[in-house]
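Visitor: In numbering that gives the first Met the number 0, the protein residues as written are 0 to 103.
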Amino acid sequence: MQQHPPLFRTLVEAVVAEIPRGRVMTYGQIAAICGSPAAARIVGGIAHFGNPDLPWQRVVNKHGGVATGYPGGKIGQKNALVSEGIKVTKDFTVDLEELLWNPS
DNA sequence: CGAGTGACCGCAA
DNA sequence: ATTGCGGCCACTC
Numbered sequence: 000m001q002q003h004p005p006l007f008r009t010l011v012e013a014v015v016a017e018i019p020r021g022r023v024m025t026y027g028q029i030a031a032i033c034g035s036p037a038a039a040r041i042v043g044g045i046a047h048f049g050n051p052d053l054p055w056q057r058v059v060n061k062h063g064g065v066a067t068g069y070p071g072g073k074i075g076q077k078n079a080l081v082s083e084g085i086k087v088t089k090d091f092t093v094d095l096e097e098l099l100w101n102p103s
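In structure tokens form, the structure reads like this:
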């Protein structure tokens, strides 16, 4: 019963918060779910200015590669993903065919 | 309110 | 294969 239209940022954070452990999602897919398939960059921006408690490490790009601006760099994100049981290649990429999470 | 920015995406050389 | 450029749209200052 939102009298005001939900902010994009709120939707993105909600989706990211629903990503189960051991799964990943792409920026473009999250943006599309939130209603703006071309706002993939915005998702990244929200990741930087949004709620730091959310599992942003589970968010990867369309190539399955980890983000560049993650705190600690790609190493930090890869470390966080591996800590959750997600296999990350030495090329800092994850297998989207196996780990991509598709919300209902 | 206006301008700049970006943890992206896709294509061209 | 790698590198560079533009577009796209919401967020921050």
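Glycine included, C-beta positions come from ideal geometry on N, C-alpha and C. Remember, predicted model here, so these are calculated numbers, not experimental data.
So, under 8 Å CB-CB, F91 and V58 are touching, yes? Tell me the CB distance rounded to an integer number of Å.
Guide: About 14 Å; that fails the 8 Å criterion.
Visitor: At which residues does the alpha helix (DSSP H) containing L98 begin and terminate?
Guide: Element bounds for L98: L95 to L98.
Visitor: Please return the same chain residues whose Cβ sits closer than 7 Å to the Cβ of I32, not counting the five positions on each side in sequence.
Guide: The answer, listed in chain order, is V14 and P102.
Visitor: Measuring CA to CA, which of A39, P5 and T67 is closest to Q28?
Guide: Measuring from the Cα of Q28, the nearest candidate turns out to be A39.
Visitor: Need the endpoints of the alpha helix (DSSP H) that E12 sits in, please.
Guide: Its alpha helix (DSSP H) spans residues F7 to A16.
Visitor: Counting only the same chain and skipping the five closest in sequence on each side, list residues whose C-beta sits under 7 Å from that of A16.
Guide: L53.
Visitor: Tell me the residue span of the alpha helix (DSSP H) that contains V81.
Guide: Unbroken alpha helix (DSSP H) run through V81: G72 to S82.
Visitor: A30: which of E83, A46 and G72 sits nearest, CA to CA?
Guide: The shortest Cα separation from A30 among E83, A46 and G72 belongs to A46.
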